[in-house]
Amino acid sequence: MNKNIFYILIVLAMIFWGASWISTKVLTTYVNAYEMVFLRMGICFISMIPIVYFLKMPYKMDLKTFILVVIASILLVLYSVFMFFGVDHGTGSFGGALVPTLIPIATYILVAILSKKTISLKHSFALVLGAFGVLNMLNVWNFQADEIFSKDNIYFVTISFLWAIITIITAKATKINAFVFTFYTYVISTFIIYILYIDNSIFQTVINYDFNFWFNVFVITILSTTFGTSIYFLGATKLGAKEVSSFVFLVPVSAIFLGAIFLGEEVGVNTMIGVVFAMISIYILNNLKFPKIFKKRV
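My numbering applies: residue 120 is where the sequence shown begins, and numbers increase by one.
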């Protein structure tokens, strides 16, 4: 697949990830964390079965890949549960800025440690620039200290590093199709959460929920997870963990604009400045060539 198409798909994935923060907040009024994770993972792996089958994707894996799948599945469960707790109890807007900002930073740091390499000055500058842009978008500078350092925000810090580790693990699984790898993580995650925490009464309960519930389930499953996370994992194998993680800066951008569209929130000057900084950061991190219109004419 063309690299430019990958970029477009990853941008769409990040938009759906941004929407998932809004939908998760809505779902906290319907179900608990474990029920949400069970529904999310279960619906996702079921929706992926036809894709794996009709495209005849190879489903076999060696022992090393299986171990990576199991580890990624456990981390994915923890990530999803902690995300729910963070949105439910913590400062949602700060978490929406903190998590996307920390994920690429954590990924770069962990990759540098594992590869025993230092982070280049250019990438360090880009990460700082991206972090500043995201924080500026949500006007973090005006938050109260007790909001920023709330113990509930520990959930957001934790899931940032969990996702960084998942990204690296996925990039290491080179002997299996990325989509199939993702499919297996959802299957195992579903059974882990079902065995440990789920009561069968959930099936009778959720069937009676309203359209609002099921619409938001659709956003966090089909759009955000089946499509969004699969594209992200696929990008990790095609582009590398460091490069694909930089696109996470777009998540708060999409969340802000979706909030403006559906919740009537104003898009202020700080938001626009933050968007510009985040986009410049992604541009630098991905080492893209300048378009011809910016080149000097001879």
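Backbone N, C-alpha and C fix where the C-beta goes; we use that ideal spot for every residue, glycine too.
Length of the line joining the Cα atoms of valine 230 and leucine 146: 34 Å
Measure from the alpha carbon of isoleucine 401 to the alpha carbon of each residue in Pro223, Thr390 and Asn121, then state which is nearest. Pro223
Using the three-state DSSP reduction, which class does glutamate 207 fall into: helix, strand or coil? Reading off the sequence, residue 207 comes out as aspartate, not glutamate. Three-state DSSP puts aspartate 207 in a helix.
For the region 139-167, list the beta strand (DSSP E) runs that are entirely contained and at least 3 residues long, ordered along the chain. none
Using only the alpha-carbon positions, how far apart do serine 365 and valine 206 sit? 23 Å
Do isoleucine 307 and valine 437 come within 9 Å of each other at the CB atom, strictly closer than that value? It is not possible to answer for residue 437, since the shown part of the chain is limited to 120 through 417.
Report all residues from its chain with a CB closer than 8 Å to the CB of leucine 254; omit the five preceding and five following residues, and keep chain order. Ala216, Thr220, Trp260 and Gly393
At a cut of 8 Å, does the region 362-379 reach the region 169-181 through at least three beta carbon pairs? no
Only counting the same chain, and skipping five residues up and downstream in sequence, which positions put a Cβ closer than 7 Å to that of valine 196? Val156, Ser308, Ile311 and Ile312
Residue from Ile168, Ile339 and Ile399 with nearest C-alpha to serine 139: Ile339
Endpoints, alpha helix (DSSP H) assigned at leucine 281: 273-291
Could you tell me whether the Cβ atoms of threonine 301 and serine 239 are closer together than 9 Å? no
Determine the direct distance from the alpha carbon of phenylalanine 376 to that of alanine 132, and round the result to whole angstroms. 15 Å
Distance check for proline 371 and isoleucine 399, CA to CA, integer angstroms please. 15 Å
CA-CA distance, isoleucine 165 and valine 388? 43 Å
Nearest-angstrom Cα separation, counted from alanine 379 out to serine 192: 34 Å
Isoleucine 124 burial status per 10 Å Cβ neighbour count (16 or more: buried): exposed
Are the beta-carbon atoms of threonine 293 and tyrosine 351 separated by less than 9 Å? no
Buried or exposed: threonine 356, going by 16 or more other Cβ atoms within 10 Å of its Cβ? buried
Excluding five sequence neighbours on each side, which residues of the same chain lie with their C-beta closer than 8 Å to the C-beta of glutamine 323? none
At which residues does the alpha helix (DSSP H) containing isoleucine 339 begin and terminate? That residue, isoleucine 339, is in no alpha helix (DSSP H); it is neither H nor E in DSSP.
Figure out for me which residue from Lys235, Asn296, Tyr227 and Asn258 has the closest Cα to the Cα of alanine 245. Tyr227
Spatial distance of isoleucine 314 from isoleucine 321 (CA atoms): 13 Å
Around the Cβ of serine 243, are there at least 16 other Cβ atoms within 10 angstroms (buried) or fewer (exposed)? exposed
Cutting at 6 Å between CB atoms, please list the residues of its own chain near phenylalanine 203, excluding the five before and the five after it. Ala152 and Met155
Between isoleucine 295 and proline 177, is the Cβ-Cβ spacing less than 9 Å? yes
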